[in-house]
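Beneath this line is the structure, given in structure tokens, with notes to follow.
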Amino acid sequence: RGIERLDEHQQHKLMFYLRQFLDAISPTNLMFTNPQVIHETISTGGQNMVKGMEHLLRDFKSGQIKMTDTDAFAPGRNLALTPGQVIYRNKLIELIQYAPATEQVYTIPLLFIPPWINKYYILDMQPQNSFIKFLVDSGFTVFIISWKNPDASMEEITFEDYMTLGPLTALDVVKEISGSQKVNIVGYCIGGTLLAMVLSYLTALGDKTANSATFFVSLLDFREVGDTAVFIDEPQVTYIEGQMMERGYLDSRSMASMFNMMRANDLIWSNVVNNYLLGKEPAAFDLLYWNNDGTRMAREAHSFYLRNTYLENNLVKPGKIVLKDVPIDLKRIRQDIYAVGAQQDHIVPWKAAWQISQLVSGKVRFVLGGSGHIAGIINPPSKGKGAYWVSDKPAASADEWLEGAKNQQGSWWTNWLEWLKPRSGELKEPPSLGSKAHPPITPAPGTYVLEK
997 RGIERLDEHQ QHKLMFYLRQ FLDAISPTNL MFTNPQVIHE TISTGGQNMV
1047 KGMEHLLRDF KSGQIKMTDT DAFAPGRNLA LTPGQVIYRN KLIELIQYAP
1097 ATEQVYTIPL LFIPPWINKY YILDMQPQNS FIKFLVDSGF TVFIISWKNP
1147 DASMEEITFE DYMTLGPLTA LDVVKEISGS QKVNIVGYCI GGTLLAMVLS
1197 YLTALGDKTA NSATFFVSLL DFREVGDTAV FIDEPQVTYI EGQMMERGYL
1247 DSRSMASMFN MMRANDLIWS NVVNNYLLGK EPAAFDLLYW NNDGTRMARE
1297 AHSFYLRNTY LENNLVKPGK IVLKDVPIDL KRIRQDIYAV GAQQDHIVPW
1347 KAAWQISQLV SGKVRFVLGG SGHIAGIINP PSKGKGAYWV SDKPAASADE
1397 WLEGAKNQQG SWWTNWLEWL KPRSGELKEP PSLGSKAHPP ITPAPGTYVL
1447 EK
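Each residue of the sequence shown is one higher than the last, beginning at 997 in the numbering used here.
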């Protein structure tokens, strides 16, 4: 009866931290109840414990558990290798244009808006799992925003600045270089949240630049956000704002700790056992390297984002958010939309991602991929793995949508190409890299992505 006296949010927090406690005391996480650790201790004469203590002291110094071999990867060395040029730079973004890989390309270019919580190269990992390379090889002219890693001097950068200096400026550059007055735009995670605001803003101005929109695991309705809700309420946001007032930004490790706790067995306890009890070094894994290569959050913009999305859910309230004197209303969005959710996503629950179909006026194809927030998106057809569900049919609920969806084997990337190609214009000779107005500045991956 005690738990029933707590409100729903407090119950959620209690159950979350109870799960954390139960994970922590699991027999596999304790020296004397994990058979593998016992065997290793006997066979090495306790050297695993000596090594484990060294690893523990190292990780204390760095302030985070080492999850992968951090020397095994680097953007420009073996990640983010797709050839291209930074063709525009301002204080918040570098805009990369990728070199064509086909004799002809589709007339309408693609612009990617990645999340600024992490770095853009999740979409351009190694050649075999690079989404960017897949698209360039398929005949698309691709541009991507690489966000600046903000420091204390950027604390007054606003969310409006992220829209203006980010997608709005990028769209003008993309149109000038490509010669196309239309652009297909893709938003990933928080990049998709910003994309929705951009679409509403442009429509209000009568600007028809956005030809179609694609959303990868993006939240527009923040009512149901899964375990993220545990970390975001008024007292915790006030605390975060206090931290940001002191530093001018939110440290990347604060964000990483939250996301790691949401998958504690995979991202914390497996590494505790490997690093400290078995005394081993973590293996090299590109996705975990990227996961640890986080960015800071600029104070003013991040405070606006947390309050207007997670706390107040203002994006679904017409006119409640105003950017550049334009009230944002999602019902203005009339473009064709392709939206992707991921079945095991712990950051954007798939039913929350599906809500886009209820919020906009355009025709929505929703696709449910397998796996989680990252692996559900980065699933190239060449792997021959996975399955997805797809349906264009309107439905009253996510469960009803799933009942009517068709299950397909393989990667949803090929389904997206089938959807995208008819919306990408004719084939023509590729545009040059850059232009007179926007000459190439430096080769991809640029400089902002390398900032720690």
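Even for Gly, the Cβ is constructed at its ideal location relative to N, Cα and C. Because the structure is a prediction, the values reported are computed rather than measured.
Where the alpha helix (DSSP H) containing residue i begins and where it ends
i: R1073; result: R1073 -> no alpha helix (DSSP H), and no H or E assigned at all.
i: R1295; result: 1295–1302
i: R1015; result: 1004–1020
i: Y1384; result: Where Y1384 is concerned, there is no enclosing alpha helix (DSSP H), although the beta strand (DSSP E) it sits in stretches over 1383–1387.
Alpha carbon of residue i to alpha carbon of residue j, nearest angstrom
i: W1412; j: G1275; result: 44 Å
i: A1479; j: E1036; result: Past the boundaries of the shown model lies residue 1479; the chain is included only from 997 to 1448, so the question cannot be answered.
i: Y1116; j: W1286; result: 9 Å
i: K1171; j: L1107; result: 10 Å
i: K1402; j: T1029; result: 45 Å
i: M1150; j: P1436; result: 26 Å
i: L1246; j: Q1239; result: 7 Å
i: L1201; j: V1138; result: 25 Å
i: V1233; j: I1140; result: 31 Å
i: T1224; j: E1004; result: 14 Å
i: S1378; j: Q1122; result: 13 Å
i: A1260; j: D1019; result: 8 Å
i: N1145; j: I1089; result: 9 Å
i: G1187; j: N1267; result: 30 Å
i: L1119; j: G1041; result: 45 Å
i: M1241; j: D1321; result: 26 Å
i: E1396; j: A1192; result: 24 Å
i: P1390; j: L1364; result: 15 Å
i: N1125; j: I1370; result: 12 Å
Pick from the options that is closest to residue i, judged by C-alpha positions
i: E1422; options: P1105, R1054, D1055, V1033; result: P1105
i: V1312; options: G1366, I1329, K1379, V1182; result: I1329
i: G1080; options: K1347, T1438, R1073, G1400; result: T1438
i: P1110; options: D1133, T1154, M1159, K1062; result: M1159
i: Q1006; options: V1226, P1278, E1396, A1433; result: V1226
i: K1381; options: I1374, E1000, S1407, E1396; result: S1407
i: I1228; options: R1249, E1242, M1254; result: M1254
i: Y1444; options: T1410, T1098, V1082, L1302; result: V1082
Reduced DSSP category for residue i - H, G, I as helix; E, B as strand; rest coil
i: N1180; result: strand
i: T989; result: What is shown of the chain runs 997 to 1448, which leaves residue 989 out entirely.
i: Q1405; result: strand
i: P1426; result: coil
i: D1168; result: helix
i: D1055; result: helix
i: D1065; result: coil
i: D1332; result: strand
i: R1001; result: helix
i: L1356; result: According to the sequence as given, residue 1356 is Val; it is not Leu. Reduced to three states, the DSSP call for V1356 is coil.
i: G1048; result: helix
i: G1365; result: strand
i: A1338; result: strand
C-beta contact flag for residue i and residue j at 8 Å
i: R1295; j: G1244; result: yes
i: A1349; j: G1337; result: yes
i: V1344; j: S1214; result: yes
i: F1218; j: Y1306; result: yes
i: I1038; j: A1440; result: no
i: P1071; j: L1398; result: no
i: T1453; j: S1248; result: Because residue 1453 is not part of the residues shown, which for the chain are 997 to 1448, the question remains open.
i: R1419; j: D1332; result: yes
i: P1278; j: K1062; result: yes
i: T1165; j: N1086; result: yes
i: V1360; j: I1373; result: no
Terminal residues of the beta strand (DSSP E) in which residue i lies
i: N1207; result: 1206–1212
i: G1238; result: Counting along the chain, G1238 falls outside any beta strand (DSSP E), though it belongs to the alpha helix (DSSP H) covering 1230–1243.
i: R1085; result: 1080–1085
i: R1249; result: Taken as a continuous stretch (DSSP letters only), R1249 belongs to no beta strand (DSSP E), being part of the alpha helix (DSSP H) at 1248–1258.
i: Q1093; result: 1089–1094
Residue i at chain C interface by Cβ criterion, 8 Å
i: Y1306; result: Here chain C cannot be found, since the structure has a single protein chain.
Proximity test, residue i beta-carbon vs the ligand COA heavy atom, cut-off 7 Å
i: N1180; result: The model on display carries no ligand, and the ligand COA is accordingly not part of it.
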